[in-house]
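Chains as they are written, first to last, in our numbering: chain A, 558 to 1569; chain B, 880 to 1105; chain C, 595 to 736. For glycine and all other residues, C-beta sits at the position ideal for the given N, C-alpha and C. It should be emphasised that the depicted structure is a prediction, and the values quoted were computed from it without experimental measurement. Read through the structure below, which is laid out as structure tokens, and then see the notes.
Laid out in structure tokens, this is it:
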């Protein structure tokens, strides 16, 4: 291609979506500018306490990603910045940014907090954005403890200096690093990028606008984001659930759903996540304080994602969360107690009044103002709800070529959907900019490693961290003490170990004193270990000959009240670190070549999209389909959006896939065997022309899910009973449906064996009902349902169906509809929960929404790939929130119905995401193996198979000698095998037994302790 | 494989009471696989015994080691010098290892394990007895399922009256063990060999089992002497 | 220093408890300096031997702190560790060491306060136990 393309990308928005897109691109050879409006990346997810459906800690998942972005050589984070303009063409854009001043130099700030402590405001008095106003901050503050970049920021709106110009500016004096700079000004600058990804996210709906709930007037009415902060251990109450009015622990807590959502006065659409987050918050609240009695008031309980149903079940059965299906029209505050009175209709239909101590409003998602502004500045179109306009077949493409959109900017969605879209957008960008891959990134060169010979020569650097450590710990004494320890040939104090000048000094000392081990006693290794490892590597040492001792977060900061004992502890920790350092060994990291091809299993919609995305990125792709045709019928596509030309899409996809030079289509083909590991798989395909062995670096499982064929409701026994898809086909292909009275039954045969929501049937039923009415408006259509799952914008369709006269009848899970034949008449009876009586309908057509089941072929694939299926036969992802399309086994990715049911745009995004994740591996060319991995001493191994059975990553295999061996590329370094090996034949690098035991021996070593 | 169990720590401490200098010698074969006497267990047991003895005010000096197979002299030989310097050896091998060391060394060899049976790994952490080593194998007639080892009453001609309706054995608590003869019946069905059941076994000759006294096997062609 | 101060080792998972201890520092929470952290990549790496060796080395108490159940970075390491700790507690009781000196905790990286609380609680707990790790054995044992 002659046209110049830039190998850099602008990602706008530093929430989880922007972060995922950034990491995917930066890992696959592109330079990324991550542009964030606020002072730190992390977005809404950083504010969450837990995430549904597993109730995992949000910060535990997010924080490592934040650090990774912060340290990534191919990422530049630009905070406090907004986009002003975008000029140029796809591949060759110029983006103009406006960056507000931070007044703090992030390269100097060490987030010690001294400036904050010295601020003229003795008390924090301004509402903290991070704590949604429940907590307070000062004008100078650190956004949150895990913030990246981890640096203070000055808010000029509240800072006295900016407001009055009269301020002693104590902060300037307090900062020992000279990091504060009040002369900074706004900056306008431009960057050359090849593509743009917009991930500005959403805003919670402003609960004040829903006046009847009294938010802002009633002290004890909170929004769900606020309640989330109350639940958070790092929140304003340290995780205690307390009422704002009196600081007392509430007992009865009500959650009100659909605040601002599904309401024509506010937002017509469903916000898609509130049902689940409210359930999560109810459970977590109960876990924090068992006395809490949560009640959830809901309209429809939309538990439609993977694992959602079981979370709701647990909430009901194990945690005693009470669910009441009732819309709440008003909350009344009782002035004396500040308790809240809620009037609702109970199951028996009678209206009751109940008092609650606290009310949580499950506020919906609204399009963010900055997103709308972005759209205007970048000339991209928004939909009728002011979210980014996308098409069903291009779910992450904006209306402007080269500009991609992702996450809640495209509509309400949860974290996994956001992560999927982010990876999909990154994949689309990688395909667009494929020729420019690697043009803006640089691999760092290191000197050749010195092989440590002879005895340990350890250098110990004890950091003052200004006064952060030195103010409590006698750091000079610690360094002096370190000199007395065996193996230590150099020990010194450093003001700031992490400063550029010291890093250079450290390298000089390593060379001068011929150090072969380095110990740094400073802050947590979680942030800076990689920096120091890189430094010693620059000085020619293996990076694993390094140990870090945490005497700040885990010593001076927590023991500032006992300086003597803190010093004593610091010495003990250093003694322990030195003991480990004496035993450190260099670990080698080998490069393994990656076979630059992909194997995609399943030639349906998802398989074709995945194959095309990979092929467009420049990678050879084998597309394997067991039947004779790609996308043989529309079987998997039960939810075809109205007005969309699916046949057209299919024809176009088929044409492109068939003619793409990088795609090899194998129809009538199955996989006979798959061996190898990430980067180097070897598979045998069995097709009409016999067997063929192919080498490939990645596998994408793209089998689809199929409509379940029911056994009940006269299906198969009476031609007037159809499935929803059969009706759909009749509506598009004929013969013409003649029925006048039609009953649709939802959730057919959804039971203990098939407990999950299939996600698409409600929309399918609504769409078909509308189509039937369009043919003949005089039809009577009844939809019998348990919960209507018309999430996100599908809610509009649901509303239209109700307005058009479709009658929706709710029934309990316990009282299912009955279909029988009286003479030749079909009779349907159901107990309507609203009327509280039996309803009898005599339809001339019954349509069953039966949901979807995974491809039975999954079982064989699961065996071949050695990756697990869940109880329902779907593949299990590596992490339900942040790695939704990865398998636990590296190099294997999931999309299509193989992983979970989905609508067409969801399946397309998932296929693109899987392809993008796979392309990261292929684009590297080489993978690093080794470092902190386990290895088996072949002399000692007795082949008991414990490790083989225990390894969560399938990294252990039995070699030709009949002994266990660990595939370094697959090993994740957890050490489970090393701990359980009965022959003590396994050691984990950097955590060897000898290293750990020496630390223990030295920690309380009586002689050396007396030397303290 | 031979399946063994570690003796209760109290019993081990009692055995070790007279001694202050002891070698704990593990075996890296069967008892390592069944997690009773490999190098890992040696370390754990030694640490536990040291702690207990320190507490009793009678510290003990323990040398820790493990050999490939204690039932072979050659593997034990490198330890000869160490063993001779000890007051006793605590063997974490099966009984065979203890015997073997006792034959070779004039130091008390103490058993740390109770040797239990020949077993299979049912799943990680569970070992089950499936062969009794009776010396007269009939597995080809019983579908590969041994009625001697797996029937509590060693019955050879079908189940006793104690088989429960659900096919479990009356001897095992709460139906935790299937009746060996129900298993044999089903297995033979799968193999189309139910006719085997018509074959009546006479009274079993137990002389090939332990009942005939200690056993020995000699393979003449492999003898090096003579 | 006073000799009566109990010495405690905390084996902490890098991803959760170690991060929680860092957060306790960032939040400037206070807890007794008795607790010394040893970082593990995952509590799944915790060899039962380390616990016994810690007591042998002179520790008066041992904390093992892994991720919340379901939250293990390596899927099941924390569950393995929990079982191991339970087994060692049984052994400790039989060799005359109060099993309360060893405890397993699940916590997330966001629970800085919980870490500080655990450190305080364990220090108090161990102070309240008899001064020596080795409490007298019951009669007739050992």
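Within the same chain, show all residues whose beta-carbon is closer than 8 Å to that of residue i, passing over the 5 residues directly before and after it, in chain order.
i	result
residue 907 of chain B	917, 918, 945, 946, 947 and 948
residue 1131 of chain A	1017, 1019, 1035, 1038, 1039, 1042, 1076, 1078, 1106 and 1108
residue 866 of chain A	860, 1312, 1313 and 1314
residue 929 of chain A	939 and 943
residue 703 of chain A	599, 603, 616, 619, 620 and 623
residue 1555 of chain A	1136, 1137, 1139 and 1140
residue 799 of chain A	787, 805, 806 and 807
Does any residue of chain E have a CB that is nearer than 8 Å to the CB of residue i?
i	result
residue 620 of chain C	In summary, chain E is missing from the structure at hand, where the protein chains are A, B and C.
Is residue i helix, strand or coil by DSSP?
i	result
residue 1060 of chain B	helix
residue 992 of chain A	helix
residue 638 of chain C	helix
residue 1452 of chain A	coil
residue 1014 of chain B	coil
residue 812 of chain A	strand
residue 1131 of chain A	helix
residue 1118 of chain A	coil
residue 590 of chain A	strand
residue 905 of chain A	coil
At what residues does the alpha helix (DSSP H) containing residue i begin and finish?
i	result
residue 1057 of chain A	1057 to 1069
residue 784 of chain A	781 to 788
residue 1038 of chain A	1032 to 1040
residue 823 of chain B	What is shown of chain B runs 880 to 1105, which leaves residue 823 of chain B out entirely.
residue 1542 of chain A	From DSSP, residue 1542 of chain A is part of no alpha helix (DSSP H); its letter is neither H nor E.
Using the rule of at least 16 other Cβ atoms within 10 Å of the residue's Cβ for burial, across every protein chain shown, is residue i buried or exposed?
i	result
residue 1096 of chain A	buried
residue 926 of chain B	buried
residue 1041 of chain A	exposed
residue 1397 of chain A	exposed
residue 1173 of chain A	buried
residue 906 of chain A	exposed
residue 1335 of chain A	exposed
residue 572 of chain A	buried
residue 1101 of chain B	exposed
residue 1372 of chain A	exposed
Which residues mark the beginning and the end of the beta strand (DSSP E) in which residue i is found?
i	result
residue 924 of chain A	922 to 924
residue 650 of chain A	649 to 656
residue 1050 of chain A	1045 to 1051
residue 1526 of chain A	Unbroken run through residue 1526 of chain A: none, as it is neither H nor E.
Who are the Cβ neighbours of residue i in its own chain at under 6 Å, not counting the five residues just before and after it?
i	result
residue 729 of chain A	737
residue 1487 of chain A	1145, 1146, 1147 and 1525
residue 1337 of chain A	1298
residue 838 of chain A	784
Can you list, in chain order, the residues of its chain with a C-beta nearer than 7 Å to that of residue i? Leave out the 5 residues immediately preceding and following it.
i	result
residue 561 of chain A	649
residue 1059 of chain A	1051 and 1053
residue 973 of chain A	1437, 1438 and 1441
### Query
Which runs of the alpha helix (DSSP H) fall wholly inside the region 929 to 1010 of chain B and span at least 4 residues, in chain order?
952 to 955, 959 to 963 and 974 to 983
### Task
Could you tell me which uninterrupted alpha helix (DSSP H) segments, each at least 4 residues in length, are contained entirely in the region 1065 to 1105 of chain A, listed from first to last along the chain?
1082 to 1095
### Query
Which ranges would you report for the beta strand (DSSP E) in the region 811 to 862 of chain A if only whole runs of at least 3 residues count?
850 to 855
#### Entry: Segments assigned alpha helix (DSSP H), at least 4 residues, entirely inside the region 1282 to 1360 of chain A
1318 to 1332 and 1351 to 1360
### Task
Return the chain-ordered ranges of every alpha helix (DSSP H) run that is complete within the region 1421 to 1488 of chain A and spans a minimum of 4 residues.
1461 to 1481
#### Entry: Ordered list of beta strand (DSSP E) runs contained in the region 938 to 1026 of chain A, each at least 3 residues
960 to 962 and 1015 to 1020
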